[in-house]
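In my numbering, the protein residues as written are 3 to 952.
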């Protein structure tokens, strides 16, 4: 027996737990193994950021379990008791997983039964996930219309009062607390027969309050608690006053409609599922021969018009007219899309995408019509409003600083972008001239692996042969192609081409490594057969090596294209921010060149990987070599140009897992090596603390993990924590680990810091540290080394590494992936990068401000301007004021030091205080107003500023 209401979390599920934070999730229950392949096809339509959970009976054999795991590689798997059918599995899952983070969910199960099971399951699945666009539209509806509570197939939405069957007593007995005065036998409400649907989590939360006993029983098609639950999801949506989103899937493209009541065109009577499904099958067969099919996919946050247009049984691309007011855009619908092929739209080559004209990106709503150019037939119309993008930069210096935290520049390109692109064109010209003037130009080996690319590789080869820099060899490795690729290459008469045919396909990494091994060049560059270079690429790259003789590798930027589009949809360039690259790589192999000697130091490309090859290679370059970024845009990178593009064909989540595991091992070793050095100057670490026993102990454990040989002291200033917290600090004090100041009330951050400075060693530098900061090995040494080595350094700060899943990550680093640990000390929110050079090696960066969660302050700075301003910055603001004072009055500088790593758990103490003292005047004074009470001001001799008003 399983009784809903228990929360017996039994631990993590099987499988991949690395997932991107999302507001929605997909829950699958697999009972009938023979339906897995069909369900998997529909699961593929869900976006990557939708979390996935799969439940299955805990008594299946290991082979079946392995099959499920292989079929759903992105999901977490949970074996459950085989009770309560799919709803029993759902409620069991609720006790194992915290579903409260999701606003809405999609529930799918391996529906069978006694009544046309194949057609019933097909209809259910098409109602929730008929294509990626269908899923995307449903998600957008749920996000934009909070009153939508449930969604699914229109054809299976039955009138509740007439289709209760044997379930009335269970509804009354189990869910009476929800019903109140709602008369479910008379009121208008409906439910989705078959229980595959989308729903708000609030419905599940309401239902879960009811005690439901699921007894183990043989299958029956009516009268069990599960059948009552099937109806309750729809009924609760009506009781809550919600709307229903229904999908009409009669034709190929589902039509979505929001209903505020039971639809007037659906029967309010007992419905025969068998008859309904038979009628639907006939309707579908009649709908198929429509002369034209197509759709538009518009999104307000992407200035791109996507869509497709096709005629059944006609594989030829069609000319498309997109009409909006007096604007007409012509495009050919010829791009391959896998979901079109999966749904029998010929061979899938019927998609298109085109940038939205700049004058439509104006904040107004525009109607876009999809018209077949050959017949003039209007296929569909959609509306969208695109807001004018706002750039955070006005000139090239600002652009370089912004690129360190957001390397993507989407269309439409604004004048701010074009000014910067013009500067980059001139940098490319300058570097190219440097290379073309060399008396002894180095040989460059260009490595190009190919596999079945006969139809497109000619353009890539021509872009290399057309380079202004002529001293190169092009090594093409044919990786066992089965088409005419080799014939195409042999038909090009140029002595600089070397063809290396391989007898069988070994993968792109092996092919590239073979090419590098056989190369004669001093510099290695890479170009894939579906991409192109500007004719200055090699010259500018060689010129960059001339200007940067210490560089082992050079990375540049690129324009991004879809298919065979002539206009890019974005530009991508980021000044090197090692922490951001480690989180979410933005450097592409097609824009990377390195000295041949680098391979001897770090090895070649990782032949264990299919996906994320360039990411792994870049990480290993940054580990051991000098990588520089150079701001030019000379590569044209094409998405969806080849059907066998690696990012499309191979779904390899384990590649990312392997990559990150190996990177973390290397990072740990590097930090450990860094930690072998000692401090050469005394340091006093000052940690203000309030409550958060777990945080402060983790903070102290990290600092006490090594012998500082008398060069580091720890001072904790406790702001009136509970007695058990203070007792643990006293134990550490008595053990000689720290010095302790005990305040009987919470004075806030700044005053506590100043108390610590007052008793610190007179000759020591100061390291300010939050109590939720965890210093990684070697990081204090790195901060000190930078403070003494960098010109006019007054303050050095580390990476501020937020743990995976932290909500505020993208406020600071918009390009970062919150699913992984992310550094936010270079911040879009603070706009704190002050200065970077035109070429950058990922080293220290000068800032105008850094938050004092961890800050190394030289003693001469404190002697010059004194401690923090606790008077006018009791809990915050004092760090900003101190940074400004130091830079203004002493001429000293603030440097971000990427070799120093500190994890920041983000103010758990503050969150605890906020929860415990909601509405408290003291809390409001400190955390909202940042002020002192009149009594405290008088006691401390502080003033009340005329400007500090609310």
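In this text, a Cβ means the ideal position worked out from N, Cα and C, and glycines have one as well.
Less than 9 Å separating the beta-carbons of residue 430 and residue 481?
-> no
CA-to-CA distance, residue 821 to residue 391, given in whole angstroms = 26 Å
Where do the N-terminal and C-terminal ends of the beta strand (DSSP E) with residue 492 fall, by residue?
-> Segment 487 to 492 is the alpha helix (DSSP H) holding residue 492; no beta strand (DSSP E) there.
Looking only at DSSP bridge pairs, what is residue 385 linked to?
-> 369
Apply the 10 Å Cβ neighbour rule to residue 733 and answer buried if 16 or more other Cβ atoms are within range, or exposed otherwise.
-> exposed
Find the nearest neighbour of residue 942 within the set 227, 420, 136 and 874, judged by alpha-carbon distance.
-> 874
Beta-carbon proximity list for residue 593, same chain, < 7 Å, skipping 5 on both sides = 557, 558, 559, 560 and 637
Determine the DSSP secondary structure at residue 155, reduced to helix, strand or coil.
-> strand
Which residues does DSSP pair with residue 306 in a beta bridge?
-> 357
Between 896, 683 and 511, which lies nearest to residue 834 when the distance is taken from Cα to Cα?
-> 896
Is the region 447 to 455 in contact with the region 853 to 866, if contact means three or more CB pairs nearer than 8 Å?
-> no
How many Å lie between residue 191 and residue 750 at the Cα?
-> 56 Å
Look up residue 397 in the DSSP assignment and give the residues it is bridged to.
-> DSSP output for residue 397 lists no bridge partner at all.
What's the gap between the Cα of residue 479 and the Cα of residue 520?
-> 10 Å
With DSSP as the reference, please indicate the residues paired to residue 690 in a beta bridge.
-> 719
Any idea what DSSP makes of residue 171, helix, strand or coil?
-> helix
Does the pairing of the region 744 to 760 with the region 873 to 891 give three or more beta-carbon distances under 8 Å?
-> yes
Taking contact to mean at least 3 C-beta pairs separated by less than 8 Å, is the region 45 to 62 in contact with the region 70 to 88?
-> yes
Classify residue 108 as helix, strand or coil using the three-state DSSP reduction.
-> strand
When the Cβ atoms of the region 291 to 311 are set against those of the region 343 to 357, are three or more pairs found closer than 8 Å?
-> yes
Straight-line CA distance for residue 555 to residue 595?
-> 6 Å
Quick one: using the 10 Å Cβ neighbour count with 16 as the cut-off for buried, is residue 952 buried or exposed?
-> exposed
Can you say whether residue 854 is buried or exposed, counting buried as having 16 or more other CB atoms within 10 angstroms of its CB?
-> buried
Which one or two residues does DSSP pair with residue 483 in a beta bridge?
-> Note: residue 483 sits in no beta bridge, so no partner.
Reduced DSSP category for residue 895 - H, G, I as helix; E, B as strand; rest coil = strand
Using the DSSP secondary-structure output, state which residues sit across from residue 527 in a beta bridge.
-> 448 and 595
Own chain partners of residue 652 with C-beta closer than 6 Å, once the 5 adjacent residues on each side are dropped = The predicted model places residue 652 with a pLDDT of 47, which falls under 50 and marks its position as unreliable; any figure quoted below should be read in that light. Excluding sequence neighbours, residue 652 sits near 612 and 613.
Using the C-alpha atoms, what's the distance from residue 547 back to residue 413?
-> 31 Å
What residue ranges within the region 27 to 109 form continuous alpha helix (DSSP H) runs of no fewer than 4 residues, ordered along the chain?
-> 38 to 45, 64 to 73 and 87 to 98
C-alpha distance - residue 757 paired with residue 745, whole-angstrom precision = 10 Å
Bounding residues of the beta strand (DSSP E) (the contiguous stretch that carries residue 745) | 741 to 745
Which residue comes first and which comes last in the beta strand (DSSP E) that contains residue 639?
-> 629 to 641
Looking at the structure shown, is residue 291 part of a helix, part of a strand, or coil, going by DSSP?
-> Below a pLDDT of 50, predicted positions are generally treated as unreliable, and residue 291, at 44, falls in that range; no measurement from the model is reported.
Alpha-carbon spacing of residue 240 relative to residue 347, whole angstroms = 38 Å
Secondary structure of residue 885, DSSP reduced to three states = helix
Take the Cβ of residue 577 as the centre, count every other Cβ of all protein chains shown within 10 Å, and call the residue buried at 16 or more, exposed below.
-> buried
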